[in-house]
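K.L.:
Line order of the protein sequences matches chains A and B. Once you know that position 122 of the first sequence is 127 in this note's numbering, the rest is easy, because the numbers rise by one and skip nothing. Once you know that position 355 of the second sequence is 360 in this note's numbering, the rest is easy, because the numbers rise by one and skip nothing. C-beta: ideal position from N, C-alpha, C; glycine also. For clarity, every value in this text was computed on a predicted model and none was experimentally measured. Would you mind keeping the following structure in view while I ask a few things?
2 protein chains.
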Amino acid sequence: MTQAVRHEEMRARNLEVVLGAVGRGGPLTRAALAEVTGLTKSTVSKLVGDLVDAGLLAETGPARAGERGRPGVEVVLSGARVASLGLEINVDYLAVRVLDLTGGVRFAARRERDNRGSRPKKVLAELQALATEALAETHRLGLEVAGAVLAVSGPVGDGVLFTAPNLGWQDVRPADLLRLPVPVELDNEANLAALGELWYGAGERDFLYVSGEIGIGAGLVVNGVLYSGATGLAGELGHVVVAPEGAQCRCGGSGCLETYAGQEALLAAGNAPSVPALLAALERGDGPALTACASAGRALGIALTSAVNLLDLDRIVLGGVFTQLYPWLSGPVSEVLTTRLGGLRGTPPVLTASRLGGDAATLGAAGRVIHRVLADPAPFVTRAQEA
Amino acid sequence: MTQAVRHEEMRARNLEVVLGAVGRGGPLTRAALAEVTGLTKSTVSKLVGDLVDAGLLAETGPARAGERGRPGVEVVLSGARVASLGLEINVDYLAVRVLDLTGGVRFAARRERDNRGSRPKKVLAELQALATEALAETHRLGLEVAGAVLAVSGPVGDGVLFTAPNLGWQDVRPADLLRLPVPVELDNEANLAALGELWYGAGERDFLYVSGEIGIGAGLVVNGVLYSGATGLAGELGHVVVAPEGAQCRCGGSGCLETYAGQEALLAAGNAPSVPALLAALERGDGPALTACASAGRALGIALTSAVNLLDLDRIVLGGVFTQLYPWLSGPVSEVLTTRLGGLRGTPPVLTASRLGGDAATLGAAGRVIHRVLADPAPFVTRAQEA
DNA sequence: TTCATTTAGTTCACGTTGTAGACTAAATAT
DNA sequence: ATATTTAGTCTACAACGTGAACTAAATGAA
Numbered sequence: 006m007t008q009a010v011r012h013e014e015m016r017a018r019n020l021e022v023v024l025g026a027v028g029r030g031g032p033l034t035r036a037a038l039a040e041v042t043g044l045t046k047s048t049v050s051k052l053v054g055d056l057v058d059a060g061l062l063a064e065t066g067p068a069r070a071g072e073r074g075r076p077g078v079e080v081v082l083s084g085a086r087v088a089s090l091g092l093e094i095n096v097d098y099l100a101v102r103v104l105d106l107t108g109g110v111r112f113a114a115r116r117e118r119d120n121r122g123s124r125p126k127k128v129l130a131e132l133q134a135l136a137t138e139a140l141a142e143t144h145r146l147g148l149e150v151a152g153a154v155l156a157v158s159g160p161v162g163d164g165v166l167f168t169a170p171n172l173g174w175q176d177v178r179p180a181d182l183l184r185l186p187v188p189v190e191l192d193n194e195a196n197l198a199a200l201g202e203l204w205y206g207a208g209e210r211d212f213l214y215v216s217g218e219i220g221i222g223a224g225l226v227v228n229g230v231l232y233s234g235a236t237g238l239a240g241e242l243g244h245v246v247v248a249p250e251g252a253q254c255r256c257g258g259s260g261c262l263e264t265y266a267g268q269e270a271l272l273a274a275g276n277a278p279s280v281p282a283l284l285a286a287l288e289r290g291d292g293p294a295l296t297a298c299a300s301a302g303r304a305l306g307i308a309l310t311s312a313v314n315l316l317d318l319d320r321i322v323l324g325g326v327f328t329q330l331y332p333w334l335s336g337p338v339s340e341v342l343t344t345r346l347g348g349l350r351g352t353p354p355v356l357t358a359s360r361l362g363g364d365a366a367t368l369g370a371a372g373r374v375i376h377r378v379l380a381d382p383a384p385f386v387t388r389a390q391e392a
Numbered sequence: 006m007t008q009a010v011r012h013e014e015m016r017a018r019n020l021e022v023v024l025g026a027v028g029r030g031g032p033l034t035r036a037a038l039a040e041v042t043g044l045t046k047s048t049v050s051k052l053v054g055d056l057v058d059a060g061l062l063a064e065t066g067p068a069r070a071g072e073r074g075r076p077g078v079e080v081v082l083s084g085a086r087v088a089s090l091g092l093e094i095n096v097d098y099l100a101v102r103v104l105d106l107t108g109g110v111r112f113a114a115r116r117e118r119d120n121r122g123s124r125p126k127k128v129l130a131e132l133q134a135l136a137t138e139a140l141a142e143t144h145r146l147g148l149e150v151a152g153a154v155l156a157v158s159g160p161v162g163d164g165v166l167f168t169a170p171n172l173g174w175q176d177v178r179p180a181d182l183l184r185l186p187v188p189v190e191l192d193n194e195a196n197l198a199a200l201g202e203l204w205y206g207a208g209e210r211d212f213l214y215v216s217g218e219i220g221i222g223a224g225l226v227v228n229g230v231l232y233s234g235a236t237g238l239a240g241e242l243g244h245v246v247v248a249p250e251g252a253q254c255r256c257g258g259s260g261c262l263e264t265y266a267g268q269e270a271l272l273a274a275g276n277a278p279s280v281p282a283l284l285a286a287l288e289r290g291d292g293p294a295l296t297a298c299a300s301a302g303r304a305l306g307i308a309l310t311s312a313v314n315l316l317d318l319d320r321i322v323l324g325g326v327f328t329q330l331y332p333w334l335s336g337p338v339s340e341v342l343t344t345r346l347g348g349l350r351g352t353p354p355v356l357t358a359s360r361l362g363g364d365a366a367t368l369g370a371a372g373r374v375i376h377r378v379l380a381d382p383a384p385f386v387t388r389a390q391e392a
């Protein structure tokens with residue numbers, strides 16, 4: 006139900022509007038903000054003043070000389086108060102990243118290690134060490150950590166990682182194993198990477214992010230908002246049916262995309278022991294490797310055709326392993342999309358590689374907290390006023 | 006961008022909150038409304054008073070005796086002021102329907118006629134006659150028509166029906182050919198039928214409505230809102246790939262769902278000249294008809310598996326021709342869904358037949374206007390106060 | 001240099017809206 | 001009858017945005 010609005014909510018909303026306008030529109034003067042938001046100069050002045058006091062906005066020096074009239078004072082987002090912590094558990098590494106309100110990276114670290122088959126307790130202990138280091142540094146910078154989000158690859162619901170096929174985990178609740186001074190939320194890697202691309206990378210208001218790992222996940226962004234389905238499990242692109250009579254899949258079905266374009270299938274078909282080896286083979290023009298990529302690309306194209314027909318996507322971003330394989334995948338994928346979608350829609354969707362690569366998930370994770378602050382700055386303003 | 010809020014918007018929003026609470030929560034007293042909305046009794050009293058004056062709410066007699074204390078006066082949605090007009094052009098008929106704010110049908114008419122190959126001008130002239138009749142009756146009832154929506158089967162954008170394969174139309178702009186005293190909006194039949202089921206039928210907050218006609222369309226409802234994709238063309242379930250090497254489809258691809266479960270494919274495989282004939286054959290246990298339905302059901306199941314994996318649907322409603330074929334389709338569809346989705350999710354989505362049948366589209370069309378009034382009653386309140 | 005002009009930002013009386021609590025109304029329980 | 005309970009209204013008040021007057025700080029013309 007839409008919530009009732011009182012004076013307090015009205016103010017909260019207008020704080021958000023002003024902060025958001027600055028966040029999107031670069032440096033803006035109060036006068037420009039009044040024009041953009043439709044609020045009066047006096048209201049904007051009050052709101053900007055409060056946001057500056059709260060440390061969410063900062064005045065840059067007097068602006069743009071050369072024109073007639075008193076020059077306005079521009080305000081920008083301030084990275085001086087709030088920060089957030091993004092965490093990621095991947096098969097091959099652990100990563101943490103601290104972002105400030107402006108999207109600036111204040112701390113980042115990554116520990117390469119093979120997590121395959123490691124016990125959750127052990128992996129999370131190491132992650133906790135990394136996170137503690139990040140929090141210490143953030144504290145040293147005088148920033149307040151507004152929250153933390155952890156990215157894992159596998160279906161997630163209600164704080165539980167149901168299954169992580171690449172790690173061999175089942176029903177793990179990471180927050181219970183992490184002792185950190187901030188609450189840690191959990192979400193799926195593909196979803197968070199999609200948000201990362203949306204806010205800091207190749208994403209736009211509407212697009213599908215495809216995450217090629219052991220499984221193939223996807224994050225769908227609609228109208229600038231992550232779509233997560235009825236129970237939060239949307240985006241299982243890997244089990245979209247590509248050939249009903251195809252190879253048996255671990256999901257119980259057969260002919261799922263994963264059996265054609267999943268990392269294991271790719272490596273097996275390409276006769277390579279690892280992704281770097283596959284890449285090397287591709288670089289030197291190795292036949293089986295090229296064929297493997299081409300047929301994986303066609304399968305991906307078919308699955309994406311179904312997705313585009315259902316969802317009317319106008320942009321697709323390939324991430325995960327597919328980022329590195331993009332030069333060899335994009336041709337077959339585009340070709341299938343173009344021929345299969347040509348009859349129904351003018352132009353096929355734009356296909357691009359991830360711009361953030363392996364950083365997408367931690368950026369999305371930390372960004373989610375940042376964007377929550379941007380979407381509701383009122384508590385920070387109030388707290389600043391009380392102090 | 007989120008819009009700035011002033012006092013006027015605050016009030017508009019709270020009017021909406023109160024009206025919406027009554028709309029969803031059946032008859033409610035002012036006291037109950039205060040509790041439900043979180044607004045104070047005095048505010049609710051004022052808002053309810055204004056909504057009653059505007060003719061959007063009505064007081065029913067004093068409520069529920071038997072308990073202690075003064076009995077409250079219950080208010081309900083009032084169907085006495087606003088109405089809306091839903092229109093539909095189908096291959097086999099034209100239909101109009103007038104709804105009031107409560108969802109009550111105030112007028113309905115349907116002209117059976119074969120529109121295949123008819124010129125747009127001719128069909129729309131007949132529709133205009135029907136609509137004029139409906140508007141006259143609405144006027145006689147003292148209702149104000151808040152808007153009209155026309156449902157057509159085919160992709161729609163910006164008031165243009167790009168193509169209607171079953172009618173043989175191309176790039177028609179129906180609003181230009183209709184002379185009516187209310188503006189007429191255009192939308193896709195599957196989308197509007199989905200909304201019809203959502204508001205007045207078998208739909209819930211999240212579900213996929215499948216419309217089996219010549220083509221196979223779908224309307225996706227997420228969080229109670231229709232999802233229409235980047236350019237409004239979402240829901241092309243008919244061109245989800247079911248078998249990449251399958252039969253050639255008119256879209257340029259091959260192995261699309263439509264080539265297996267579209268009306269033409271069904272009739273051809275079932276050896277029946279028409280849908281009634283196919284139904285009769287099914288009723289008497291005719292072999293080819295049963296086989297045709299079973300294999301169409303399996304194809305539909307495969308396409309829906311892909312949809313569920315992508316979108317995490319928990320409910321699917323089969324409409325259009327599939328409503329009548331439901332007894333023969335539901336088995337194969339469910340079987341495929343269950344076996345293919347079992348490994349990943351606890352329970353497969355709930356499958357049901359449309360509850361509204363052929364009325365879904367006009368109900369959704371008229372309902373869309375009604376729900377727009379419910380979502381923003383302020384203009385009606387203001388106008389009532391000025392008069 | 002001086003002053004008109006232009007644009008930015010602040011101040012303050014005011015209007016609109018929701019709030020809190022006293023008050024009136026209408027029922028049941030004792 | 002009277003106490004109790006719940007519904008609904010009324011009124012003084014508070015929160016917040018508005019609008020116009022006002023101050024501030026630049027450019028340009030004389």
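Taking C-beta to C-beta, are GLY164 (chain A) and LEU90 (chain A) nearer than 9 Å?
P.N.:
Result no, Cβ atoms of GLY164 (chain A) and LEU90 (chain A) do not sit closer than 9 Å.
K.L.:
Between the Cα of ALA68 (chain B) and those of B:VAL57, B:GLY201, B:THR34, spot the shortest distance and give me the residue it belongs to.
P.N.:
The shortest Cα separation from ALA68 (chain B) among B:VAL57, B:GLY201, B:THR34 belongs to B:THR34.
K.L.:
Quick one: what's TYR214 (chain A) bridged to in DSSP?
P.N.:
Answer is A:GLY224, A:VAL322, bridged to TYR214 (chain A).
K.L.:
Apply the 10 Å Cβ neighbour rule to ARG210 (chain B) and answer buried if 16 or more other Cβ atoms are within range, or exposed otherwise.
P.N.:
It is exposed - the Cβ of ARG210 (chain B) has fewer than 16 other Cβ atoms within 10 Å.
K.L.:
Determine, using beta-carbon pairs with one atom in the stretch 124-144 of chain B and one in the stretch 182-195 of chain B, whether at least three such pairs fall under 8 Å.
P.N.:
Flag = yes, the stretch 124-144 of chain B and the stretch 182-195 of chain B touch.
K.L.:
Please state the DSSP three-state secondary structure of SER233 (chain A).
P.N.:
In this structure, SER233 (chain A) counts as coil in the three-state DSSP scheme.
K.L.:
Hey, is VAL246 (chain A)'s beta-carbon within less than 9 Å of any beta-carbon in chain B?
P.N.:
Judged by the 9 Å Cβ criterion, VAL246 (chain A) is in contact with chain B.
K.L.:
Measure from the C-beta of ARG121 (chain A) to each C-beta in chain B and report whether the shortest distance is under 9 Å.
P.N.:
By this cut-off, ARG121 (chain A) is not an interface position.
K.L.:
List, in chain order, every chain B residue whose beta-carbon is nearer than 7 Å to that of ALA298 (chain A).
P.N.:
The residue you asked about is not Ala; residue 298 (chain A) is Cys in the sequence shown. Simply none; closest approach about 18 Å.
K.L.:
I'd like to know if PRO353 (chain A) contacts chain B, where contact means its C-beta is closer than 9 Å to some C-beta of that chain.
P.N.:
It does not; no Cβ of chain B falls within 9 Å.
K.L.:
Could you say if the stretch 348-368 of chain A and the stretch 204-219 of chain A meet the contact criterion of at least three C-beta pairs nearer than 8 Å?
P.N.:
The stretch 348-368 of chain A is in contact with the stretch 204-219 of chain A.
K.L.:
Skipping 5 residues on each side, what residues in its chain have a beta carbon closer than 7 Å to that of PHE212 (chain A)?
P.N.:
So the list reads VAL226, LEU318, ARG320, ILE321, VAL322, once near-sequence residues are dropped.
K.L.:
Is it buried or exposed for ALA273 (chain A), if we count other Cβ within 10 angstroms and need 16 for buried?
P.N.:
It counts as exposed.
K.L.:
What residues in the stretch 18-33 of chain B have a beta carbon less than 9 Å from any beta carbon of chain A?
P.N.:
Those would be ARG18, ASN19, GLU21, VAL22, VAL23, GLY25, ALA26, ARG29, in chain order.
K.L.:
In angstroms with no decimal places, state the Cα-to-Cα distance between ALA371 (chain B) and ARG115 (chain B).
P.N.:
Roughly 15 Å separates the two Cα atoms.
K.L.:
Would LEU44 (chain A) and LEU24 (chain A) be called neighbours here (beta carbons separated by less than 9 Å)?
P.N.:
No, Cβ-Cβ distance for LEU44 (chain A) and LEU24 (chain A) is not below 9 Å.
K.L.:
I'd like to confirm the pairing. Which residues does DSSP put opposite ALA39 (chain A) in its beta bridges?
P.N.:
Per DSSP, none; premise fails for ALA39 (chain A).
K.L.:
Could you tell me the boundaries of the beta strand (DSSP E) in which GLU93 (chain A) lies?
P.N.:
Its beta strand (DSSP E) spans residues 87-94.
K.L.:
Excluding the 5 residues preceding and the 5 following ALA297 (chain B) in the sequence, name in chain order all residues of the same chain whose CB lies nearer than 7 Å to its CB.
P.N.:
These residues qualify, in order along the chain: LEU271, ALA274, GLY275.
K.L.:
Along the stretch 301-331 of chain A, where does the CB come closer than 9 Å to a CB of chain B? Name the residues.
P.N.:
Taking 9 Å as the Cβ-Cβ cut-off against chain B, the residues of the stretch 301-331 of chain A that qualify are ARG303, ALA304, ILE307, ALA308, THR310, SER311, ALA312, VAL313, ASN314, LEU315, LEU316, ASP317, LEU318, ASP319, ARG320.
K.L.:
Is the CB-CB distance between VAL338 (chain B) and LEU309 (chain B) below 9 Å?
P.N.:
In contact: VAL338 (chain B) and LEU309 (chain B) (Cβ atoms closer than 9 Å).
K.L.:
Since GLY109 (chain B) and GLY84 (chain B) are thought to touch, with beta carbons under 8 Å apart, how far apart are those beta carbons, to the nearest angstrom?
P.N.:
Right, their Cβ atoms sit about 5 Å apart.
K.L.:
Considering only the beta carbon of each residue, do GLU95 (chain A) and GLY363 (chain A) sit closer than 9 Å?
P.N.:
Correcting the residue identity first, residue 95 (chain A) is Asn in this sequence and not Glu. Contact: yes.
K.L.:
Once DSSP output is grouped into helix, strand and coil, what is the label at CYS261 (chain A)?
P.N.:
DSSP places CYS261 (chain A) in strand when its eight states are reduced to three.
K.L.:
Under 7 Å between beta-carbons, which chain A residues line up against PRO249 (chain B)? List them in chain order, please.
P.N.:
What PRO249 (chain B) touches in chain A: VAL247, ALA248, ILE307.
K.L.:
Quick one: using the 10 Å Cβ neighbour count with 16 as the cut-off for buried, is SER216 (chain B) buried or exposed?
P.N.:
SER216 (chain B) is buried by the Cβ-count criterion.
K.L.:
Is the beta carbon of GLN26 (chain B) less than 9 Å from the beta carbon of THR48 (chain B)?
P.N.:
According to the sequence as given, residue 26 (chain B) is Ala; it is not Gln. Contact: no.
K.L.:
Quick one: any contact between the stretch 184-194 of chain A and the stretch 247-254 of chain A, if contact means 3 or more CB pairs under 8 Å?
P.N.:
The answer is no - the stretch 247-254 of chain A does not touch the stretch 184-194 of chain A, with fewer than three Cβ pairs under 8 Å.
K.L.:
With C-beta atoms as the reference, is GLY222 (chain B) less than 9 Å away from GLY243 (chain B)?
P.N.:
Contact: yes.
K.L.:
Does any C-beta atom of chain B lie closer than 9 Å to the C-beta of LEU271 (chain A)?
P.N.:
LEU271 (chain A) does not count as touching chain B.
K.L.:
Taking 6 Å as the limit between beta carbons, can you name the residues of its chain near VAL103 (chain A), skipping five residues before and five after?
P.N.:
Same-chain partners within the cutoff: ALA88, LEU90, ARG111, PHE112, ALA139, THR143.
K.L.:
Check LEU197 (chain A) in the structure and name its three-state DSSP category.
P.N.:
It is helical.
K.L.:
Would you check if the distance between the CB atom of GLY159 (chain B) and the CB atom of PHE167 (chain B) is smaller than 9 Å?
P.N.:
Yes; because the gap between Cβ atoms is below 9 Å, this pair is in contact.
K.L.:
Report the CB separation of LEU305 (chain A) from TRP333 (chain A) in whole angstroms; it is logged as a contact under 8 Å.
P.N.:
Not quite, the Cβ-Cβ distance comes to about 12 Å (not below 8 Å), so this is no contact.
K.L.:
If we require 3 or more residues per run, which beta strand (DSSP E) segments fall completely within the stretch 294-344 of chain B?
P.N.:
DSSP runs (the beta strand (DSSP E)) wholly in the stretch 294-344 of chain B: 320-325.
K.L.:
Does the beta carbon of LEU225 (chain A) come closer than 9 Å to any beta carbon on chain B?
P.N.:
It does: the Cβ of LEU225 (chain A) has a partner Cβ on chain B nearer than 9 Å.
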